[in-house]
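Student: Residue numbers (our numbering): 43 to 379.
#1: Using DSSP bridges, identify the partner residues of residue 283.
#2: Give the secondary structure of residue 51 by DSSP, where H, G and I count as helix, E and B as strand, and everything else as coil.
#3: To the nearest angstrom, how far is the alpha carbon of residue 101 from that of residue 75?
#4: Determine the burial state of residue 54: buried for a count of at least 16 other Cβ atoms within 10 Å of its Cβ, exposed for fewer.
#5: Please go through the region 168 to 212 and give each complete alpha helix (DSSP H) segment of 4 or more residues, from N-terminal end onward.
#6: Would residue 310 and residue 244 be called neighbours here (beta carbons separated by less than 9 Å)?
#7: On the DSSP bridge list, what partners appear for residue 121?
#8: State the DSSP-derived secondary structure class of residue 297, mapped to helix, strand or coil.
#9: Apart from the five residues just before and just after residue 96, which ones in its own chain have a Cβ nearer than 8 Å to its Cβ?
#10: What residues are listed by DSSP as bridge partners for residue 254?
#11: Using three-state DSSP, classify residue 311 as helix, strand or coil.
#12: When the Cβ atoms of the region 185 to 195 are set against those of the region 168 to 175, are three or more pairs found closer than 8 Å?
#13: Start and end of the beta strand (DSSP E) containing residue 246?
#14: So, helix, strand or coil for residue 136, using DSSP?
#15: Given a threshold of 16 other Cβ atoms within 10 Å of its Cβ, counted over all protein chains shown, does residue 265 qualify as buried or as exposed?
#16: I need the boundaries of the beta strand (DSSP E) containing residue 99, first residue and last residue.
#17: In angstroms with no decimal places, state the Cα-to-Cα distance between residue 254 and residue 141.
#18: Look at the alpha carbon of residue 379 and the alpha carbon of residue 312, and state the distance between them as a whole number of angstroms.
#19: Please return the same chain residues whose Cβ sits closer than 7 Å to the Cβ of residue 155, not counting the five positions on each side in sequence.
#20: In angstroms with no decimal places, state the Cα-to-Cα distance between residue 129 and residue 318.
#21: Should residue 14 go down as buried or exposed, given a rule of 16 or more other Cβ atoms within 10 Å for buried?
#22: Suppose you measure from the CA of residue 43 to the CA of residue 176; what does that come to, to the nearest Å?
#23: Comparing C-alpha positions only, which one of 278, 343, 112, 272 sits nearest to residue 288?
#24: Taking the C-alpha atoms as reference points, what is the distance between residue 127 and residue 79?
#25: Let's see if you can read the secondary structure: which residues bound the alpha helix (DSSP H) around residue 155?
#26: So for residue 130, helix, strand or coil by DSSP?
#27: Is any heavy atom in the ligand GTP found nearer than 8 Å to the beta carbon of residue 300?
#28: With respect to the alpha helix (DSSP H) encompassing residue 327, which residues constitute its N-terminal and C-terminal limits?
#29: Can you tell me whether residue 263 is helix, strand or coil according to DSSP?
#30: Could you have a look at residue 241 and say whether DSSP puts it in helix, strand or coil?
#31: Where does residue 315 land, buried or exposed, given buried means 16+ other C-beta within 10 angstroms?
#32: Just the C-alpha distance for residue 147 and residue 306, rounded to the nearest angstrom, thanks.
#33: Given residue 115, which residues of its chain have a CB within under 7 Å of its CB, disregarding the five upstream and five downstream residues?
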């Protein structure tokens, strides 16, 4: 398969690109290295990929990139690029969300249609559900976004459906539920919790203590995403939940990180942010039936692997003990997908 991954230098995009190359596929990665977080982190994400003859990086903005040229001879486009995060999507911050999550998605779908691309897999978000009426959420539930960010991700889903139903483009939209693991963006809760536990600095908690999240390990997300690109005979416009299926409260998450590090995490309460929902939780039965996918990595296992990766990134020279009944030799940790 010849694949194109947009957002290829990001957290999930780089992990997906690594796995595609590992499986023997050829990948064209597209990334504009926006400054939502330090672009040097993203360049580290693709440093090893650039050594592979099976990977080509195109540095371009999807808003004005010559996408028909990029997508030429591509079998599947994995569209992961976009502006992430709920808190920045309010007020004057909304404009880049419209550009990068809506306009860019329309350009991707249009170019894929023109090029006769076999399928577009669109990375959506559990944010489209908002504060749902019942949990776990099912794909047929009425979406009720609770943030401008969620609105833009739902708009991308609608566009994918429109191009499928009107122009015959095969599209699959995947609703990711709180993805974590190695390479996670530095502003996300898991990353900040681990930093707090390792440095002794307080963890700034913007969520209510009882806030419940359905966490999904990045490798599980990548496997679902590849399956969505390769599984034949999916109905055009299909929408699927990709959820870990084991929700945890913020208090449980803080305690778990402290347990893994054998060191309590200090917490500094912050005001709850507008747009943050009280709970997420998804039913992935449809993904299991259609893709043969189910999550394989537990929250505890995934957190241990994220901590291993974080320690390896800081070049610790000796084995470091994490309180999970094993010693981690950082010279043998597998950090790619």
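Beta carbons are placed, not taken as given, at the ideal position from N, Cα and C, and that holds for glycine. Predicted model, so just to flag it, every value in this text is computed and none were measured.
Tutor: Checking against the coordinates, here is how it stands:
#1: Position 241 of the chain shown, counting from 1, holds the residue named residue 283. Looking at the DSSP assignment, residue 283 forms a beta bridge with 217.
#2: In the chain shown, residue 51 corresponds to position 9, counting from 1. Three-state result, residue 51: coil.
#3: Here the question's residue 101 lines up with position 59 in the chain shown. Here the question's residue 75 lines up with position 33 in the chain shown. If you take the alpha carbons of residue 101 and residue 75, they lie about 8 Å apart.
#4: Position 12 of the chain shown, counted from the first residue, corresponds to residue 54. Classification for residue 54: buried.
#5: 190 to 209
#6: As a position in the chain shown, residue 310 is number 268, starting the count at 1. As a position in the chain shown, residue 244 is number 202, starting the count at 1. It is a contact, given that the beta carbons lie within the stated cut-off.
#7: Position 79 of the chain shown, counting from 1, holds the residue named residue 121. For residue 121, which the question treats as bridged, DSSP gives the partners 48, 164.
#8: Residue numbering aside, residue 297 sits at position 255 when the chain shown is read from its first letter. Looking at residue 297 - three-state DSSP - the assignment turns out to be helix.
#9: For the purposes of this step, residue 96 is identified with residue 54 of the chain shown, where counting begins at 1. Answer for residue 96: 63, 66, 67, 68, 69, listed in chain order.
#10: Here the question's residue 254 lines up with position 212 in the chain shown. The partner list for residue 254 (beta bridge, DSSP) reads 291, 321.
#11: As a working mapping, residue 311 is identified with position 269 in the chain shown. Strand, per DSSP.
#12: yes
#13: The residue labelled residue 246 in the question sits at position 204 within the chain shown. Counting along the chain, the beta strand (DSSP E) containing residue 246 begins and ends at 245 to 247.
#14: Numbered from its first residue, the chain shown carries residue 136 at position 94. Here residue 136 sits in helix by DSSP.
#15: The count along the chain shown starts at 1 and reaches residue 265 at position 223. So residue 265 counts as buried.
#16: The sequence position of residue 99 within the chain shown is 57, counting from 1. Residues 97 to 101.
#17: Your numbering for residue 254 matches position 212 in the chain shown. Your numbering for residue 141 matches position 99 in the chain shown. About 30 Å.
#18: Residue numbering aside, residue 379 sits at position 337 when the chain shown is read from its first letter. Residue numbering aside, residue 312 sits at position 270 when the chain shown is read from its first letter. In this prediction, residue 379 has a pLDDT of 28, which is less than 50 and means its spatial position is unreliable; what the coordinates show is noted afterwards. Roughly 34 Å between the two C-alpha positions.
#19: Counting from one through the chain shown, the residue named residue 155 turns up at place 113. So the list reads 205, 209, 211, once near-sequence residues are dropped.
#20: For the purposes of this step, residue 129 is taken as the residue at position 87 of the chain shown. For the purposes of this step, residue 318 is taken as the residue at position 276 of the chain shown. Their Cα atoms are separated by approximately 8 Å.
#21: Outside the modelled stretch of the chain, which goes from 43 to 379, sits residue 14, for which no answer is possible.
#22: For the purposes of this step, residue 43 is taken as the residue at position 1 of the chain shown. For the purposes of this step, residue 176 is taken as the residue at position 134 of the chain shown. Approximately 39 Å, taken between the alpha carbons.
#23: Position 246 of the chain shown, counted from the first residue, corresponds to residue 288. It is 343 whose Cα lies nearest to the Cα of residue 288.
#24: By 1-based counting over the chain shown, the position of residue 127 is 85. By 1-based counting over the chain shown, the position of residue 79 is 37. Going by the C-alpha atoms only, they are around 11 Å apart.
#25: For the purposes of this step, residue 155 is identified with residue 113 of the chain shown, where counting begins at 1. Run containing residue 155: 146 to 157, per the alpha helix (DSSP H) assignment.
#26: As a position in the chain shown, residue 130 is number 88, starting the count at 1. The answer is helix: DSSP assigns residue 130 an H, G or I state.
#27: The ligand GTP is not part of this structure, which contains no ligands at all.
#28: Position 285 of the chain shown, counted from the first residue, corresponds to residue 327. Taken as a continuous stretch (DSSP letters only), the alpha helix (DSSP H) holding residue 327 covers 327 to 333.
#29: Position 221 of the chain shown, counted from the start, is the residue given in the question as residue 263. Looking at residue 263 - three-state DSSP - the assignment turns out to be helix.
#30: For the purposes of this step, residue 241 is taken as residue 199 along the chain shown, with counting starting at 1. If DSSP states are grouped into helix, strand and coil, residue 241 belongs with the helices.
#31: As a position in the chain shown, residue 315 is number 273, starting the count at 1. With fewer than 16 Cβ atoms within 10 Å of its Cβ, residue 315 is classed as exposed.
#32: For the purposes of this step, residue 147 is taken as residue 105 along the chain shown, with counting starting at 1. For the purposes of this step, residue 306 is taken as residue 264 along the chain shown, with counting starting at 1. Their Cα atoms are separated by approximately 42 Å.
#33: In the chain shown, the residue the question calls residue 115 occupies position 73. Excluding residues within five positions, the ones whose Cβ falls inside 7 Å are 44.
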